[in-house]
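Remarks on the structure that follows.
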Amino acid sequence: MIIVGITGGIGSGKTTIAKYFSSEFGIPVYYADTEAKALMNTEALRKQVIRLLGKASYKEGELDRKYVADKVFKDKDLLEKLNQIVHPAVGKHFKNWCAQQDAPYVLKEAAILFENDTASGLDYTILITAPKKMRIYRVLERDDSTVEDIENRMNKQWDDAKKIPLADFIIENIELDSSKLQAKNIHHQILRDRVNT
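With positions in the sequence shown counted from 1, the corresponding number in the working numbering is that position plus 569.
Below, the structure written as structure tokens:
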């Protein structure tokens, strides 16, 4: 099974592009950040998160994402400790998910792949990029974050200049039709490589 990582900073549009691979080419997509949040609501992880961040991490049994984000995005050490709880659980869950897929390849969509060295276990990586102002605007449109919140989160992720040399493919996601064309070319390239190996 070929595993392709798809990543990009907040507001880059990585989820939009991942959904296009799924709807247009039938490629299964594992949304690592979504699955991580779901796993954090399981009993096993809930106990560990409460031990790390306190009882206020959960409201009525559900993860209080805003509270958690406010805590960890202001404290690099706490973020690292939370990642040490969540990432192994996501890795195991992803492995089980992959075993159930029947496709030429799968996509693993995640906000951070290079930062935590997850990329080293992948066959290819696709980096979605967009100008910073556009990314901020997109996030402001979709949720109630402030510019300061968004920039805080951006500062916790590597900037594109650091990630570009590490990526196998890059989609500059400014205009959607152009991005879709870039995705189509990447899809065909992966299929060609698969046949030739």
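Heads up, the beta-carbon is just placed ideally off N, CA and C, and yes, glycines get one too.
It should be emphasised that the depicted structure is a prediction, and the values quoted were computed from it without experimental measurement.
Just so you know, the alpha carbons of Glu710 and Lys583 end up roughly 16 Å apart. The Cβ-Cβ distance between Thr687 and Gly577 does not fall below 8 Å.
For Leu745, the uninterrupted alpha helix (DSSP H) run begins and ends at Leu745 to Asn765, by DSSP. For the region 657–726, the full-length beta strand (DSSP E) segments reaching 3 residues or more read 674–678 and 693–698 along the chain. Per the C-alpha coordinates, the member of Ile739, Gln726 and Thr585 positioned closest to Ile697 is Ile739. With a cutoff of 8 Å on beta-carbon distance, Lys677 and Tyr599 are scored as near each other. The continuous beta strand (DSSP E) containing Thr576 extends over residues Ile571 to Thr576.
Within its own chain, the residues whose Cβ lies closer than 8 Å to the Cβ of Lys645, once the five positions on either side in sequence are excluded, are Lys725, listed in chain order. Below 8 Å, too few C-beta pairs join the region 616–635 and the region 671–685 to call them touching: fewer than three. With a cutoff of 8 Å on beta-carbon distance, Asp602 and Ala680 are scored as near each other.
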